[in-house]
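S.K.: My questions all concern the structure below.
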Amino acid sequence: MGTQTTTDLPAAAGAADHAQRDLLRLATAGSVDDGKSTLIGRLLYDTKSVLADQLSAVERATRARGGDGTAVDLALLTDGLRAEREQGITIDVAYRYFSTARRAFVLADTPGHVQYTRNMVTGASTAELAIVLVDARKGVLEQTRRHAALTALLGVPHVVLAVNKMDLVGFDQATFTAIAREFADYAHVLGLPDVHAVPLSALDGDNVVLRSDRTPWYDGPTLLELLEQVPVGRDAAAEPLRLPVQYVIRPRTPDHPDYRGYAGKVASGLVRVGDELRVLPSGRTSRVVGIDTFDGPLTQAEAPRSVTVRLADDLDVSRGDVLVPAQEDVRTGQDLVGTVCWLTERRSVAGARVLVRTGTRTVRALLREVDARLDVDTLTVEQWDPVDTVRTIDATDTSSDAAPRSLGLNAIGRVRVRLAEPVVLDDYATHRRTGGFLLVDPADGSTLAAGMVGPTLLDRLAPVRADERDDDWLAGAGI
């Protein structure tokens with residue numbers, strides 16, 4: 443291993459102005475026993491992001507598990523659940539936070555086991571980078587391809603292939619090159635735009651934070667250097683404005699008898715005093731006359747700032763409405779087509795009454811149908827002929843006759859939903875912050891599925907048929 447330097451490590455990080463650092467959201471994925479927990483522990487440990495009491499607890503746990511005290515089991519820094527420690531696998535999504543002088547990080551530690559596909563979807567949905575681990579001895583496995591496919595499905599723009607346990611193959615260059623080439627070919631099929639491969643040993647720390655002298659043939663960046671260098675997000679000012687209204691503020695106090703403000707978090711773009719905005723889905727327009735925050739008024743605010751916007755006109759604006767630029771043509775409607783990951787053991791049922799949550803808006807809806815299902819292992823799509831839904835049944839129905847054309851736990855498919863009211867229908871591919879939605883069971887409030895509006899990897903693998911009907915199939919359905 444190389445000699446440790448303090449450049450970019452926490453001594454410098456502590457002196458940096460935290461407010462000026464970029465924030466990178468990333469997710470990790472890998473098959474069981476690929477060393478993902480050890481890698482995350484190594485990142486935390488080598489960036490001095492572990493508190494003294496945490497480290498002491500891990501040292502005690504290491505000794506209790508038979509360690510000789512000379513090395514700390516870094517996997518225990520992340521496998522916090524007792525069930526995980528007993529089984530030696532990660533079964534939940536946990537978020538870790540660390541930083542360097544250059545950047546702050548939020549890391550979603552997602553499970554590697556096949557039955558926890560839904561957890562990876564949850565953890566990677568907001569990520570801008572995904573670290574996919576492989577064991578150098580095993581190479582690219584079926585689960586590796588599954589994780590890559592999910593990464594492509596969710597539109598994660600950057601991928602790092604971490605070829606771990608290189609120490610167990612003697613840091614052989616040919617082994618690394620073959621694995622990197624195989625993964626790159628598969629990533630090309632998926633349409634992943636930016637992929638980097640790094641040879642490393644999480645156990646010893648080679649090429650994780652510090653460059654290793656055991657890979658003289660590798661002249662690329664270490665894992666941490668990649669995390670610090672990868673572009674973060676898009677220019678907020680260049681994105682179209684989306685400001686979902688969270689709350690309407692009407693204090694009606696003697697000091698503010700006529701105050702009316704629309705509070706929310708700027709999801710994307712930039713809002714300025716004087717801007718002409720349109721309220722969706724109503725379509726009414728007005729001009730921004732003030733932008734208020736807890737710290738005082740602003741002349742402009744950009745994502746992800748939470749603000750209260752005041753408009754020149756007293757419009758009928760309520761929670762769930764979205765403020766957008768008046769001149770932009772934004773799609774709204776009551777027919778939602780998207781790709782979902784089914785999150786519950788209760789199977790989907792055509793015709794079920796559901797709630798759809800998109801942004802800050804919740805509306806009643808009917809699950810029209812599931813017309814396609816994606817097999818992320820084989821990248822094949824099973825498509826079904828469209829059918830009219832003429833009955834309404836409970837969303838918890840698990841009858842066997844629904845199974846052949848339905849989604850079960852962890853399944854990914856394309857759904858068609860009819861909404862009781864129009865909503866903003868941003869495509870997830872271009873508006874990740876506002877293009878997502880949830881399907882919720884109205885009976886108990888449980889989340890049935892998480893989805894993405896518009897075309898995804900599923901549609902690219904199985905294009906929408908030209909003969910699909912869009913008739914008024916819900917006439918008289920009662921919503």
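Every position in the sequence shown, counted from 1, becomes a number in the numbering used here once 442 is added.
Note that CB positions come from ideal geometry on N, CA and C, so glycine has one too.
1. In the DSSP output, what is Gln-440 paired with across the bridge?
2. Compute the Euclidean distance between the alpha carbons of Asn-707 and Phe-736, then round it to the nearest angstrom.
3. What number of angstroms, rounded off, separates the C-alpha of Ala-891 from the C-alpha of Gly-612?
4. Anyone know if the C-beta pair for Val-563 and Leu-603 falls short of 8 Å?
5. Residues in the same chain with beta-carbon distance under 8 Å from Leu-757, minus the five sequence neighbours each way, listed in chain order, please.
6. Indicate the three-state DSSP secondary structure (helix, strand or coil) for Asp-551 in the structure shown.
7. Apply the 10 Å Cβ neighbour rule to Leu-808 and answer buried if 16 or more other Cβ atoms are within range, or exposed otherwise.
8. Taking its Cβ as the centre, do 16 or more other Cβ atoms sit within 10 Å of Val-779, making it buried, or is it exposed?
9. Quick one: Cα of Gly-775 to Cα of Asp-869, how far?
10. Apart from the five residues just before and just after Pro-884, which ones in its own chain have a Cβ nearer than 8 Å to its Cβ?
11. Out of curiosity, what's the CA-to-CA distance linking Ile-573 and Leu-468?
12. DSSP state of Asp-827, grouped into three classes?
13. Counting only the same chain and skipping the five closest in sequence on each side, list residues whose C-beta sits under 7 Å from that of Val-759.
14. Can you say whether His-698 is buried or exposed, counting buried as having 16 or more other CB atoms within 10 angstroms of its CB?
15. Buried or exposed: where does Trp-784 fall if 16 or more other Cβ atoms within 10 Å of its Cβ makes it buried?
16. For Met-405 versus Asp-648, is the C-beta distance shorter than 8 Å?
17. Can you tell me where the beta strand (DSSP E) with Ser-748 in it begins and where it stops?
18. Quick check on Thr-838: does DSSP put it in helix, strand or coil?
19. Can you say whether Gln-671 is buried or exposed, counting buried as having 16 or more other CB atoms within 10 angstroms of its CB?
20. So who's on the other strand from Tyr-870, going by DSSP bridges?
21. Under 8 Å by Cβ, that's how I've got Thr-876 and Val-865 pegged, so tell me the actual separation to the nearest angstrom.
22. Is Arg-527 helix, strand or coil when you go by DSSP?
23. Looking at C-beta atoms only, is the number of pairs between the region 743 to 756 and the region 846 to 858 that lie closer than 8 Å three or more?
24. Since Thr-804 sits in a beta bridge, which residues does DSSP pair it with?
25. In three-state terms, what does DSSP make of Ala-792?
26. Does the beta-carbon distance from Gly-662 to Glu-624 come in below 8 Å?
27. In the DSSP assignment, find the alpha helix (DSSP H) that holds Lys-490 and state where it starts and stops.
28. For Pro-693, collect the residues of the same chain with a Cβ closer than 6 Å to its Cβ; drop the 5 residues on either side in sequence, then sort them by chain order.
29. Suppose you measure from the CA of Gly-716 to the CA of Leu-740; what does that come to, to the nearest Å?
30. Drop a sphere of 10 angstroms on the beta-carbon of Tyr-537, count the other beta-carbons inside from all chains shown, and report buried for 16 or more, exposed for fewer.
31. Given Val-818, which residues of its chain have a CB within under 7 Å of its CB, disregarding the five upstream and five downstream residues?
32. Per DSSP, what are the beta-bridge partners of Tyr-726 in this structure?
33. Tell me, please, which residues DSSP counts as bridged to Asp-464.
34. Which complete beta strand (DSSP E) runs does the region 549 to 620 hold, if anything under 3 residues is left out?
35. Does the Cβ-Cβ distance between Arg-789 and Ser-710 come in under 8 Å?
M.R.: The structure says:
1. Not covered by the structure: residue 440. The range shown for the chain is 443 to 921.
2. The displayed chain sequence assigns Lys, not Asn, to residue 707. Looking at the two C-alpha atoms, the distance is approximately 13 Å.
3. Rounded to whole angstroms, the gap between the alpha carbons of Ala-891 and Gly-612 is 44 Å.
4. no
5. Annotation for Leu-757: Val-721, Ser-724, Arg-726, Ser-728 place their beta carbon closer than 8 Å to its own, counting only its chain and skipping 5 residues before and after.
6. strand
7. Label assigned to Leu-808: buried.
8. buried
9. 13 Å
10. Correct list, in chain order: Arg-795, Val-796, Leu-797, Arg-806, Ala-837.
11. 7 Å
12. The three-state reading of DSSP puts Asp-827 in coil, since its state is none of H, G, I, E or B.
13. Val-687, Val-690, Tyr-704, Val-721
14. Label assigned to His-698: exposed.
15. buried
16. What is shown of the chain runs 443 to 921, which leaves residue 405 out entirely.
17. 748 to 753
18. Because Thr-838 carries a pLDDT of 43, less than 50, the predicted location of this residue cannot be relied on, and no value is offered for it.
19. In summary, Gln-671 is exposed, with fewer than 16 beta-carbon neighbours lying within 10 Å of its beta-carbon over all protein chains present.
20. Tyr-870 is not bridged to any residue.
21. Rounded, the Cβ-Cβ distance is 10 Å, inconsistent with contact.
22. Residue placement at Arg-527 cannot be trusted, given a pLDDT of 43 that sits under 50; what the coordinates show is reported in the next sentence. Helix.
23. no
24. In DSSP, Thr-804 forms a bridge with Arg-799.
25. coil
26. no
27. Element bounds for Lys-490: n/a, residue is neither H nor E.
28. Tyr-701
29. 12 Å
30. exposed
31. Only Arg-588, Ala-591, Leu-592, Ile-854 meet the Cβ criterion.
32. In the sequence under discussion, the amino acid at residue 726 is Arg, which differs from the Tyr named in the question. The partner list for Arg-726 (beta bridge, DSSP) reads Val-721.
33. Arg-545
34. 571 to 577, 600 to 606
35. Taking 8 Å as the cut-off, the Cβ atoms of Arg-789 and Ser-710 do not count as close.
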